[in-house]
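See below for the structure under consideration.
2 protein chains.
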Amino acid sequence: MDTAKVESETVESLPEVLDSWPHDTSIEAFRRVWVLEGEPLWERVFSVHHQRMQIKNGKTALKNLQKIFTCTFRLANSQGFHSMSLRDLSRETEISMGGLYAYIGSKSDLASAIEAVVRQTIDDVMADLASHNLDPHHRLKAMIHADLYMNDIMHQWYYFCFIEAKGLDKEQREEAMQMEFRFDQRLQDIFKEGINAGVFKYAGDTALLAAATTAMLQQWYLKRWKFQSLQTDIADYAGFILDNLYATLAYQP
Amino acid sequence: MDTAKVESETVESLPEVLDSWPHDTSIEAFRRVWVLEGEPLWERVFSVHHQRMQIKNGKTALKNLQKIFTCTFRLANSQGFHSMSLRDLSRETEISMGGLYAYIGSKSDLASAIEAVVRQTIDDVMADLASHNLDPHHRLKAMIHADLYMNDIMHQWYYFCFIEAKGLDKEQREEAMQMEFRFDQRLQDIFKEGINAGVFKYAGDTALLAAATTAMLQQWYLKRWKFQSLQTDIADYAGFILDNLYATLAYQP
DNA sequence: GTCTATATAGGGATAGAC
DNA sequence: GTCTATCCCTATATAGAC
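Sequence order for the protein chains is Z and S. The first sequence lines up with residues 1 to 253 when you count with my numbering. The second sequence lines up with residues 1001 to 1253 when you count with my numbering.
The structure is reproduced here in structure tokens:
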């Protein structure tokens, strides 16, 4: 071990608790803690979905799962899931019809798995966030950034869930709605906590403000064409949402 | 003509210019000018769609058009347009398969007609609004209310267009996007006009603020379950959106 | 103007070879 | 674990009777 390396390790590890996510809300800090793409993502998919699969060998499964889900997004998010046939998917993935059925129990299983992965990911990230002791302002900032980063990295997953929600069975539709309820509730709790602590001053309806915040966050995956056309990057947008909330909540930094 | 009637006519007609839409932004005033449901709506549909129909007799056509579109919304907005078969629609409307094809050229014609009716309606209402001479604050107020009322009265139409947009052909998808662009632009112009006139004070990105406003308005038909659960009525929501904008724009009434 | 009956294509799913 | 070949069903659309 040379001196330079020891130094750099010391410099990075000592202030880790303070400078890492969620205190540091940069996308780099977020990515260091939450890896929502590449192999860790497909392992997550495998763990959620493997009981529906005939293939038990992890190595080959991961590779084909990636193909299947990636191509599903390409096809379903452009023409719609229902109008994508499994023959389309077979052609796109270069896996035969019979082969596909070794990875999915049915077509609707595929949609179901996508929703389940998204829901579990949000729950994990939000639960972790809740476990940190943050004041209302920093908690709000971290939650906005975390959700926006998830919306960005997994935008195809989120878009699919939003648009194809009604294709899911009733139980799963219900769960997706409950999740949005919980998300709004978390936001509302932060607003209320800040109001009680005197750092926010807002006399309006906190439930509606939470709903509006959720809506702004969802735009990031629903209206990509708009942000591309405006050349808005994710840091700009996070700043915009927070400034907007600060104005409404009369927050003085 | 009796005295009572003359009186009431006088009372209502004299202050009409000042008290009617868009100066009066109540839903009643809006409805007096824009009738977006009942027979006038189906005549609007007929005028947009009649060249695609085999039936030329207006009387029977109107009745069946209403059945076809109403049932399409019920089926498509719950299970998805693509997964609704024309057999489903035939059963629901109690019109035979052959009968349906006297009213639509093809299944995708039906979706196309829905988008066209919505787009034409928005264009009409927005063009009329633009023709009035209003200061920024009143123009903003009228635009928010008008759009929200349209979103409410025709919520099934709007919901269909949002969710089924990618099922349309490329040309029509492009037109739908252009329309949202124009809508955002109108909002942005109002913000800028108010800033230049000194009634609004806002240093942020007006394009993003317009996009966020559009998003909040769209929630009214995208998240009906949420507003129902919160028991938010349309007047509350219009007030919430405006208050939110006033805070961000630092507007002093 | 509305119906029934039918043509034709394409969908999801599976059996069984390799 | 992956393929090909095939089953059976349901989809859109139309022809032609009434």
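Just so it is clear, CB atoms sit at the ideal spot from N, CA and C, and this is done for glycine as well. What you are looking at is a predicted structure, and each value in this text was computed from that prediction instead of being measured.
If Z:Ala247 and Z:Tyr202 are in contact, beta carbons under 8 angstroms, what's the gap, nearest whole angstrom?
On the first sequence, residue 247 of chain Z is found 247 positions in, with the first residue counted as 1. On the first sequence, residue 202 of chain Z is found 202 positions in, with the first residue counted as 1. In fact, because the Cβ distance is near 10 angstroms, the residues do not count as touching under 8 angstroms.
Taking only beta carbons into account, state which residues of the stretch 1164–1183 of chain S come closer than 7 angstroms to chain Z, listed in chain order.
Lys1166, Gly1167 and Met1177
Where the alpha helix (DSSP H) containing Z:Leu140 begins and where it ends
For the purposes of this step, residue 140 of chain Z is taken as the residue at position 140 of the first sequence. Segment Pro136 to Ile153, the alpha helix (DSSP H) holding Z:Leu140.
Reference Z:Arg186, options Z:Ile144, Z:Gln252 and Z:Asn57, closest by Cα:
Numbered from its first residue, the first sequence carries residue 186 of chain Z at position 186. The residue with the shortest Cα to Cα distance from Z:Arg186 is Z:Ile144.
Specify the secondary structure class of Z:Glu9 as computed by DSSP and reduced to three states.
The residue labelled residue 9 of chain Z in the question sits at position 9 within the first sequence. Residue confidence is low: Z:Glu9 scores 48 on pLDDT, short of 50, so the model does not pin down where it sits. No coordinate-derived value is stated.
Contact set for Z:Val35: own chain, Cβ-Cβ below 8 angstroms, skip 5 residues either direction
One-based indexing of the first sequence puts residue 35 of chain Z at position 35. Same-chain partners within the cutoff: Leu41.
Thinking C-beta only, is Z:Ile68 closer than 9 angstroms to Z:Tyr103?
Start at 1 with the first residue of the first sequence, and residue 103 of chain Z comes out as number 103. Start at 1 with the first residue of the first sequence, and residue 68 of chain Z comes out as number 68. Closer than 9 angstroms, so yes.
Rounded Cβ spacing between Z:Val245 and S:Thr1232 (contact assumed at less than 8 angstroms)
The residue you call residue 245 of chain Z lines up with position 245 of the first sequence. The residue you call residue 1232 of chain S lines up with position 232 of the second sequence. Rather than Val, the amino acid found at residue 245 of chain Z in this sequence is Leu. With 8 angstroms as the limit, Z:Leu245 and S:Thr1232 do not qualify as a contact, their Cβ atoms being about 19 angstroms apart.
Continuous alpha helix (DSSP H) stretch holding S:Phe1069: start and end:
What you label residue 1069 of chain S is simply residue 69 of the second sequence in a count that begins at 1. Taken as a continuous stretch (DSSP letters only), the alpha helix (DSSP H) holding S:Phe1069 covers Gly1058 to Gln1079.
I'd like to know if S:Tyr1221 contacts chain Z, where contact means its C-beta is closer than 9 angstroms to some C-beta of that chain.
Position 221 of the second sequence, counting from 1, holds the residue named residue 1221 of chain S. Taking Cβ atoms only, chain Z never reaches closer than 9 angstroms to S:Tyr1221, which makes this a no.
Taking beta-carbon pairs under 7 angstroms, can you tell me which members of the stretch 77–98 of chain Z lie near chain S?
Ser78, Gln79, Gly80, His82 and Ser83
Can you tell me which of the three DSSP states Z:Val48 falls into?
Here residue 48 of chain Z refers to the residue found at position 48 when the first sequence is read from its first residue. Three-state result, Z:Val48: helix.
Thinking C-beta only, is S:Arg1224 closer than 9 angstroms to S:His1138?
Reading the second sequence from its first residue, position 138 is the one you call residue 1138 of chain S. Reading the second sequence from its first residue, position 224 is the one you call residue 1224 of chain S. Not a contact, by the Cβ cut-off of 9 angstroms.
Is it the case that the Cβ atoms of S:Ile1095 and S:Phe1160 are separated by a distance below 9 angstroms?
Within the second sequence, residue 1095 of chain S is the residue found at index 95, counting from 1. Within the second sequence, residue 1160 of chain S is the residue found at index 160, counting from 1. For S:Ile1095 and S:Phe1160, no; Cβs fall outside 9 angstroms.
Output needed for Z:Leu65: all residues of its chain with C-beta closer than 7 angstroms, excluding positions within five of it in sequence on either side, in chain order.
Within the first sequence, the letter at position 65 stands for residue 65 of chain Z. Excluding positions up to five away in sequence, the list reads Trp42, Val45, Phe46 and Tyr103.
The stretch 81–95 of chain Z / the stretch 126–133 of chain Z touching (three or more Cβ pairs under 8 angstroms):
no
Is there a Cβ of chain S sitting closer than 9 angstroms to that of Z:Ile190, yes or no?
As a first step, residue 190 of chain Z must be located in the first sequence, where it is residue number 190. Not one chain S Cβ lies under 9 angstroms of Z:Ile190.
How many angstroms separate the CA atom of Z:Ile27 from the CA atom of S:Ser1108?
If you number the first sequence from 1, residue 27 of chain Z lands on position 27. If you number the second sequence from 1, residue 1108 of chain S lands on position 108. Taking the straight line joining both Cα atoms gives about 42 angstroms.
Using 9 angstroms as the limit for Cβ to Cβ distance, is Z:Asp152 near chain S?
Numbered from its first residue, the first sequence carries residue 152 of chain Z at position 152. No, Z:Asp152 lies away from the interface with chain S (no Cβ there is under 9 angstroms from its Cβ).
Between Z:Glu175 and Z:Arg119, how many whole angstroms is the CB-CB distance? I'm expecting something under 8 angstroms.
Counting from one through the first sequence, the residue named residue 175 of chain Z turns up at place 175. Counting from one through the first sequence, the residue named residue 119 of chain Z turns up at place 119. Contact holds; Cβ gap of about 7 angstroms.
Could you check where the alpha helix (DSSP H) with Z:Trp225 kicks off and where it finishes?
Taking the first residue of the first sequence as 1, we reach residue 225 of chain Z at position 225. Looking at the DSSP string, the run of the alpha helix (DSSP H) that includes Z:Trp225 is Arg224 to Leu230.
Taking the continuous alpha helix (DSSP H) assigned at S:Tyr1246, which residues delimit it?
Taking the first residue of the second sequence as 1, we reach residue 1246 of chain S at position 246. Here the alpha helix (DSSP H) through S:Tyr1246 covers Ile1234 to Leu1249.
Just checking, does the stretch 234–245 of chain Z make contact with the stretch 1204–1223 of chain S on the three C-beta pairs under 8 angstroms criterion?
yes
Contained alpha helix (DSSP H) runs [length at least 4] in the stretch 154–205 of chain Z, N- to C-terminal order:
155–164 and 170–197
Would you say Z:Lys107 reaches chain S, if we count a Cβ-Cβ gap shorter than 9 angstroms as a contact?
Translated into the one-based positions of the first sequence, residue 107 of chain Z becomes position 107. It does not: the Cβ of Z:Lys107 has no partner Cβ on chain S nearer than 9 angstroms.
Cutoff 7 angstroms; reference Z:Leu110; Cβ partners in own chain excluding five residues on either side:
In the first sequence, the residue the question calls residue 110 of chain Z occupies position 110. Correct list, in chain order: Thr72 and Ile104.
Measure the C-alpha to C-alpha separation of Z:Leu62 and Z:Leu75 and round it to an integer number of angstroms.
Your numbering for residue 62 of chain Z matches position 62 in the first sequence. Your numbering for residue 75 of chain Z matches position 75 in the first sequence. Each residue's alpha carbon lies about 20 angstroms from the other.
Proximity to S:Tyr1221 [Cα-Cα], best of S:Phe1081, S:Tyr1149 and S:Asp1019
Taking the first residue of the second sequence as 1, we reach residue 1221 of chain S at position 221. Answer by Cα proximity: S:Tyr1149.
Does the beta carbon of S:Lys1141 sit closer than 9 angstroms to a beta carbon anywhere in chain Z?
As a working note, residue 1141 of chain S is residue 141 in the second sequence. Chain Z, which has no Cβ nearer than 9 angstroms to the Cβ of S:Lys1141, makes this no.
Buried or exposed by the 16-neighbour rule on C-beta atoms within 10 Å, applied to Z:Lys5
Taking the first sequence and counting its residues from 1, one reaches residue 5 of chain Z at position 5. Bear in mind that the predicted position of Z:Lys5 carries a pLDDT of just 48, short of 50, making it unreliable; the figure below should be weighed with that in mind. Z:Lys5 is exposed by the Cβ-count criterion.
Nearest to Z:Asn77 by alpha carbon, out of Z:Met179, Z:Gln188, Z:Tyr158 and Z:Glu193?
Reading the first sequence from its first residue, position 77 is the one you call residue 77 of chain Z. Z:Asn77 has its Cα closest to that of Z:Tyr158, out of Z:Met179, Z:Gln188, Z:Tyr158 and Z:Glu193.
So, with DSSP's three-state summary, where would you put Z:Ile24?
Against the first sequence, residue 24 of chain Z aligns to sequence position 24. Looking at the sequence itself, residue 24 of chain Z is Asp, so the reference to Ile does not match. Note: Z:Asp24 maps to coil in three-state DSSP.
C-alpha gap between S:Asn1151 and Z:His50, whole angstroms:
As a first step, residue 1151 of chain S must be located in the second sequence, where it is residue number 151. As a first step, residue 50 of chain Z must be located in the first sequence, where it is residue number 50. Each residue's Cα considered, the two are about 43 angstroms apart.
CB-CB length for S:Gln1178 against S:Ser1112, believed under 8 angstroms:
By 1-based counting over the second sequence, the position of residue 1178 of chain S is 178. By 1-based counting over the second sequence, the position of residue 1112 of chain S is 112. Not a contact, Cβ separation roughly 16 angstroms.
Between which two residues does the alpha helix (DSSP H) holding Z:Ile114 run?
The residue you call residue 114 of chain Z lines up with position 114 of the first sequence. Per DSSP, Z:Ile114 belongs to the alpha helix (DSSP H) from Lys107 to Ala130.
Buried or exposed: Z:Leu18, going by 16 or more other Cβ atoms within 10 Å of its Cβ?
As a working mapping, residue 18 of chain Z is identified with position 18 in the first sequence. Exposed is the call here.
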